[in-house]
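Below is one structure; the comments refer to it alone.
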Amino acid sequence: MNFQKLIVSLSVLVFSFAMIACGGDKPTETTTTEVAAPAVDPEIARGEELYLQNACASCHGEKGLGDGEAGKFLKPLPRNYKSPANEWKNGNTLAGITKTLKEGIKNTPMVAYTHLGDENIAILAKYVEHLSKN
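For the sequence shown, my numbering gives the first residue as 9, with consecutive numbering after it.
Below you can see the structure in the form of structure tokens.
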């Protein structure tokens with residue numbers, strides 16, 4: 009009988025040590041950090057709409073790289089907005105882009121977009137400037 013008590017006592021003792029070794033610590037807390045989506049300027053979002061609605065992307069490409077499908081056949085090729093400022097007819101400033109949108113570029117397929125009105129031209133120019141920098 010003493011042997012059985014010894015076995016039971018040892019079993020309880022081993023089980024107790026196992027429980028202490030496996031548990032006892034507080035559960036590790038995991039935290040998640042949500043990354044906020046970058047704020048989108050409403051004028052940039054509206055400019056993108058105008059850019060797509062007025063077929064700018066068909067020549068200049070969705071990202072303004074001058075790689076639009078229709079632009080492949082144009083002479084001269086459409087402006088890549090990432091090209092250096094000195095390659096832009098009127099410069100890559102907001103004023104220069106606005107001038108191009110209002111007047112077009114003579115002897116090229118780039119027409120004036122006066123039908124958009126001054127407010128929408130300003131928004132579209134801001135979007136083109138945004139594409140040139142991003």
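All residues carry an ideal CB built from backbone N, CA and C; glycine is no exception.
Let me know if Thr108 comes out buried or exposed under the rule of 16 or more other beta-carbons within 10 Å of its beta-carbon.
-> By the neighbour-count rule (16 or more Cβ atoms within 10 Å), Thr108 is buried.
contact_flag[the region 130–137, the region 48–65] where n(CB pairs < 8 angstroms) is 3 or more = Judged by Cβ distances under 8 angstroms, the region 130–137 makes contact with the region 48–65, as three or more pairs qualify.
Could you pull out every residue in the same chain whose Cβ sits closer than 8 angstroms to the Cβ of Val48, ignoring the five residues on either side in sequence? The answer is none, since no qualifying residue turns up.
Taking all protein chains shown into account, decide if His123 is buried (16 or more other Cβ within 10 angstroms of its Cβ) or exposed.
It is exposed - the Cβ of His123 has fewer than 16 other Cβ atoms within 10 Å.
> By Cβ distance below 7 angstroms, which residues in the same chain neighbour Lys141 in space, the five residues on each side in sequence not counted?
Replying inline: Nothing meets the Cβ criterion.
query = Excluding five sequence neighbours on each side, which residues of the same chain lie with their C-beta closer than 8 angstroms to the C-beta of Gly79?
reply = Closer than 8 angstroms at the Cβ level, and outside the excluded window around Gly79, lie Ser66, Cys67, His68, Gly69, Leu85 and Pro86.
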